[in-house]
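Trainee: Attaching a single structure in structure tokens format; questions to follow.
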Amino acid sequence: MGTLVIVESHFGNTWTIGEAVASAFPDATLLRIDNAPKRIDPSVNLLILGAPTHAFTLSSADSRASALERKTAGAQAARSGGFRASATGLREWIAEASIPSTTKVLTFDTCVAGAGPLFGRAAKKAIKSLAASGVNARYGATFWVTGADQLRSEETERAAAWARGLKAEE
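Start counting the sequence shown at 1455; every next residue gets the next number (my numbering).
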């Protein structure tokens, strides 16, 4: 299988970043967190996990519900081309996942611009949660969203460039 990109997304921003990342790898499979296998096949040599930052950490059922309440279904669908929000989150997936020790794991997140470096990030919390499960993971990148819940204009290309750099490291 090669590269597997698993993304939690609620407004389509993190999914858009996931698409840009996956596009750098010809062998990549991109999956919504809702469809992600709990057991990662040993043929996956690179696992990239993406999630939005909610309240400076990974989302929870409460934070997902709160985020979705902020948007009307029409506004969300119009902005994201009919994108359907994730029903579950990376936090829950990690708690149940089985990842081979031979699989390289990287994390990325999306975060509202302006949250300083002292504040938490979903990608960094994912690394801690993975470590608690015995999985060695590395922080990849944070991609910025405006206060209006839209990706900054340069972030999709920045994600693609980051992924091309990862591909070059292989």
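Backbone N, C-alpha and C fix where the C-beta goes; we use that ideal spot for every residue, glycine too.
For M1455, which of L1512, R1486, I1494 and G1472 has the nearest alpha-carbon?
Mentor: I1494
Trainee: List, from N- to C-terminal side, the beta strand (DSSP E) runs of 3 residues or more that fit wholly inside the segment 1475-1551.
Mentor: 1483-1486 and 1498-1506
Trainee: Taking C-alpha atoms, which residue in L1501, D1563 and S1463 lies nearest to A1519?
Mentor: That would be S1463, whose Cα lies nearest to the Cα of A1519.
Trainee: Using DSSP with H/G/I as helix, E/B as strand and the rest coil, what is A1622?
Mentor: helix
Trainee: What are the boundary residues of the alpha helix (DSSP H) that includes A1586?
Mentor: Element bounds for A1586: A1576 to A1586.
Trainee: Could you please give me the residues that DSSP links to A1591 through a beta bridge?
Mentor: V1559
Trainee: Would you mind reading off the limits of the beta strand (DSSP E) that contains G1456?
Mentor: Counting along the chain, the beta strand (DSSP E) containing G1456 begins and ends at G1456 to V1461.
Trainee: Would a C-beta distance cut-off of 8 Å place A1614 and A1505 closer than the cut-off?
Mentor: No, they are not a contact pair.
Trainee: Determine contact between the segment 1593-1602 and the segment 1574-1584, defined as no fewer than three beta-carbon pairs at a distance below 8 Å.
Mentor: Taking a contact to require three or more Cβ pairs closer than 8 Å, the segment 1593-1602 and the segment 1574-1584 qualify as touching.
Trainee: What separation, rounded to the nearest whole angstrom, lies between the Cα atoms of T1478 and L1484?
Mentor: The amino acid occupying residue 1478 in the given sequence is Ala; Thr does not appear at that position. Between A1478 and L1484, the C-alpha separation is close to 12 Å.
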